[in-house]
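Colleague: Residue numbers (the numbering used here), protein chains in the order written: chain H, 35 to 417; chain C, 148 to 522. For every residue, glycine included, the Cβ atom is placed at its ideal position computed from N, Cα and C. From a predicted model like this one, the values you see are computed outputs, not experimental measurements. Following this message is one structure expressed as structure tokens.
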């Protein structure tokens, strides 16, 4: 009895080590694939740091990756030109969660080397973190938080590099007015998704014949799909993020709904939406205040990362450059950086950058993209 | 403007609600059977379902090597025998992983608490404790594994010393163990893969064509497969519990643990088989789920687990037929409700239905009865 027990124990152990070995090889290959990103000029004695706050992991983590790449591109360029006064990027990952944002902001504020923040990445976390940055007098430049109320809080440190949702909702709705006879609107009940969907509903008015709300945590959207199908809509606007948009696109197609799916900037993710939904995403329309960036910028991005710039890549490249320009201009503390950001007036990779009194950039439109042959492609500017 | 479209979409909602309900039912069986024999709510059962979806994922992408999309960005559809073999392989993969998961769970998380811990549980627990402990000091995976393997022997000896005392833990300990293992399994899967907590896509091998029309509603082939598969699995489970020797053992333990022990039933092996059966049903549900939605994720079990547990309580926990009925009622109620009130009310409707039923029938629609002769 004793002996056979020992034998069995050995077998279990062997099985476990096999499982463990498989696990080990997995994470090895993962670290291999991320290796090229670290092949940048190193900065051993930084004179200052720029903080980035946003989602690098979690549900919306895919949206954070191009932001970091854009910022790193700007910082590497700067460090190559100024090797004696180099700057580093410090990342504060909140997973886009407003509940995690205050702790991240506190950590950034405590770090005295950080002279400016690029981000926060999302609107919800901006509401949670920006009051703290305001108190600390730490300048923030976001290239992605598009909620239409953020600029009305009177935060002096708040700056935004693109148009907000008050512009995006009506712009996409005005476009839909010209093409859609019957429209359906679905949202995910988030601050961002519902806000955008409501703006679209208001502008479209009586053309909206069916509305629904889905639970982003659920896997099955058949009730919403059935509703859209029976209402016979030809365009469906979805206010929400890419992961659910991909699920929704697939389930709509499976149910035989031929309507065109339309999404906002939260859907504009090549891997998370267009690649994930594959054939079901073909033809989908996406509006975004973001831009691919200038030809020069795209070439630089492709040389460094060997891919097309991701969503908000150009905006975060610009955001980092705004802060870097302040540091280069001799700003040594947070107050000086804030003043320099407010006075900034120059061309960026995405647009001409100059901030208005409320912190919003003075130029900034809404751009329409479409999934063509599986790739998210720029179509036209919409108003 | 209200979307009073339910009169137009009634049969659409009925078909998709039934199919979703059948998946709830299959998962609910695991909750209900374990409750029947152990009077324990096995909260980790939702993760047994989740690992089943990963079993299906690994089978189709790693073992069979099916690509996500073919060269022309289309789905890698298969037909005829190749399709059947692929689906059967996925089913076997999912059932194996879920079944094994349920057995390991029983051995490590519950059996030691019943004062009947054995060498299997001791070794697995020792390995996990050593591995987790080593992660405090180092992030090097191979170093951690080596340490864990070396330390497993002495630690499992220590666990065996504790197990030999054979004390029965208080009821609450089982519940805490269940919730803890549920979190541990989900987080382990979340941190395992290369994609940080992301959604994993499964290649779509089944072309979702419409088979026939039922009252003007398209009945898709994947719906039909889920319906037939679920009913087959449940029928065989009922036959097993009612007609076989082992099934009689399960019913005996459900009725009275001590008496059946005196009469020579090996209670521990009956409990293990109960977990195994529940795991297999969850595995079947997992394969059908991935067939319908082509994707999985580390937290996919949570919401579905809550719904399935609700279905089990709704039908009468401990009652196998109750699980079937509860799942279907819940699936339909959710679909009708979200059509009338909007999708944001889906979960509210599910729980209102549960409350109303429990007000009038506190033991569920069919009552608690795994122990009765007629299950």
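With a threshold of 8 Å between beta carbons, is residue 216 of chain C in contact with chain H?
Modeller: Chain H contact via Cβ: present.
Colleague: Are there three or more Cβ pairs, one per stretch, closer than 8 Å when the segment 256-268 of chain C is compared with the segment 457-465 of chain C?
Modeller: No: fewer than three Cβ pairs fall under 8 Å.
Colleague: My parser needs the beta strand (DSSP E) runs of 3 or more residues fully inside the segment 332-416 of chain H; what are they?
Modeller: Those beta strand (DSSP E) runs which fall completely within the segment 332-416 of chain H and span 3+ residues are 379-381, 386-388, 400-406 and 409-416.
Colleague: Starting from residue 491 of chain C, trace the beta strand (DSSP E) in both directions and tell me its first and last residue.
Modeller: Looking at the DSSP string, residue 491 of chain C is not in any beta strand (DSSP E), and its letter there is neither H nor E.
Colleague: Who are residue 21 of chain H's beta bridge partners in DSSP?
Modeller: An answer regarding residue 21 of chain H cannot be provided, because it is not within the stretch 35 to 417 covered by chain H.
Colleague: At 7 Å on the CB atoms, spell out the chain C contacts of residue 247 of chain H, in chain order.
Modeller: Result: 489, 490 and 491.
Colleague: What residues in its chain sit with their C-beta under 7 Å from that of residue 171 of chain H, if we drop five residues either side in the sequence?
Modeller: Answer for residue 171 of chain H: 191, 368, 369 and 372, listed in chain order.
Colleague: Closest to residue 529 of chain C by CA distance: which of C:324, C:507, C:235 and C:368 is it?
Modeller: Because chain C in this structure spans residues 148 to 522, residue 529 of chain C falls outside the shown range and cannot be described.
Colleague: Can you tell which of C:216, C:208 and C:272 has the C-alpha that lies nearest to the C-alpha of residue 241 of chain C?
Modeller: Ranking C:216, C:208 and C:272 by Cα distance to residue 241 of chain C puts C:208 first.
Colleague: Measuring only the C-alpha atoms, how far is residue 324 of chain C from residue 425 of chain C?
Modeller: Spanning the two alpha carbons is a distance of roughly 18 Å.
Colleague: Please identify the residue among H:189, H:114 and H:345 whose C-alpha is closest to the C-alpha of residue 77 of chain H.
Modeller: For the residues H:189, H:114 and H:345, the minimum Cα distance to residue 77 of chain H belongs to H:114.
Colleague: Under the three-state reduction of DSSP, which class applies to residue 365 of chain C: helix, strand or coil?
Modeller: Note: residue 365 of chain C maps to strand in three-state DSSP.
Colleague: Verify the CB distance criterion: does residue 221 of chain C have a CB-CB separation below 8 Å to chain H?
Modeller: Answer yes: the Cβ-Cβ gap between residue 221 of chain C and chain H drops below 8 Å somewhere.
Colleague: Among H:348, H:381 and H:364, which one has its Cα closest to the Cα of residue 177 of chain H?
Modeller: If we check each option's Cα against that of residue 177 of chain H, H:348 comes out closest.
Colleague: Need the endpoints of the alpha helix (DSSP H) that residue 289 of chain C sits in, please.
Modeller: Residues 288-312.
Colleague: With DSSP as the reference, label residue 167 of chain C as helix, strand or coil.
Modeller: The answer is helix: DSSP assigns residue 167 of chain C an H, G or I state.
Colleague: Using a Cβ cut-off of 7 Å, which residues of the segment 150-175 of chain C contact any Cβ in chain H, in chain order?
Modeller: For the segment 150-175 of chain C, which is checked against every Cβ of chain H, the residues closer than 7 Å are 150, 152, 155, 156, 159, 160, 163 and 167.
Colleague: Between the segment 127-137 of chain H and the segment 151-168 of chain H, do at least 3 Cβ pairs fall closer than 8 Å?
Modeller: Yes: the two stretches touch, three or more of their Cβ pairs being nearer than 8 Å.
Colleague: With 8 Å set as the bound, which would you pick, yes or no: does the beta-carbon of residue 268 of chain H sit closer than that to a beta-carbon of chain C?
Modeller: Not an interface residue.
Colleague: Taking DSSP's pairing of strands, which residues face residue 87 of chain H in a bridge?
Modeller: Residue 87 of chain H is bridged to H:126.
Colleague: Which chain H residues sit within Cβ distance under 9 Å of residue 224 of chain C?
Modeller: Within chain H, no residue comes near residue 224 of chain C; the closest Cβ sits about 11 Å away, beyond 9 Å.
Colleague: Spatial neighbours of residue 134 of chain H within its chain, please: CB distance less than 7 Å, with the 5 preceding and 5 following residues excluded, ordered by chain position.
Modeller: The residues are 128.
Colleague: Using the beta-carbon count (16 or more within 10 Å), is residue 193 of chain C buried or exposed?
Modeller: By the 10 Å Cβ count, residue 193 of chain C comes out buried.
Colleague: DSSP three-state call for residue 192 of chain H: helix, strand or coil?
Modeller: Of the three classes helix, strand and coil, the one that applies to residue 192 of chain H here is strand, per DSSP.
Colleague: Using DSSP's beta-bridge definition, name the partner residues of residue 347 of chain C.
Modeller: Note: residue 347 of chain C sits in a beta bridge opposite C:443.
Colleague: Taking residue 174 of chain H as part of the beta strand (DSSP E), name the residues at either end of that continuous run.
Modeller: 173-176 is the extent of the beta strand (DSSP E) around residue 174 of chain H.
Colleague: Figure out for me which residue from C:434, C:418, C:321 and C:329 has the closest Cα to the Cα of residue 374 of chain C.
Modeller: Per the Cα distances, C:434.
Colleague: Inspect the beta-carbon positions of residue 489 of chain C and residue 247 of chain H and report whether they are closer than 8 Å.
Modeller: Cβ distance < 8 Å, so residue 489 of chain C and residue 247 of chain H count as in contact.
Colleague: Determine the DSSP secondary structure at residue 111 of chain C, reduced to helix, strand or coil.
Modeller: The structure shown does not extend to residue 111 of chain C, since chain C is modelled only from 148 through 522, so no value can be given for it.
Colleague: Run through DSSP, which three-state label would residue 120 of chain H get?
Modeller: Three-state result, residue 120 of chain H: coil.
Colleague: Counting only the same chain and skipping the five closest in sequence on each side, list residues whose C-beta sits under 6 Å from that of residue 151 of chain C.
Modeller: The predicted model places residue 151 of chain C with a pLDDT of 49, which falls under 50 and marks its position as unreliable; any figure quoted below should be read in that light. The answer is none, since no qualifying residue turns up.
Colleague: Does the CB of residue 71 of chain H have a neighbour CB from chain C at under 8 Å?
Modeller: For residue 71 of chain H, the pLDDT reaches just 42, beneath the cut-off of 50, and the residue's location in the model is therefore unreliable, although a value from the coordinates is still provided. For residue 71 of chain H, the answer is no, since every Cβ of chain C falls outside 8 Å of its Cβ.
Colleague: Thinking C-beta only, is residue 231 of chain H closer than 8 Å to residue 417 of chain H?
Modeller: Contact: no.
Colleague: In three-state DSSP terms, what is residue 215 of chain C?
Modeller: Of the three classes helix, strand and coil, the one that applies to residue 215 of chain C here is coil, per DSSP.
Colleague: Judging by CA-CA distance, which residue of C:260, C:422 and C:357 is the nearest neighbour of residue 318 of chain C?
Modeller: Checked all of C:260, C:422 and C:357; the closest Cα to residue 318 of chain C is C:260.
Colleague: Who are the near neighbours of residue 432 of chain C in its chain, counting only those whose CB is closer than 8 Å to its CB and skipping five residues on each side?
Modeller: Hits under 8 Å: 170, 173, 174, 196, 199 and 377.
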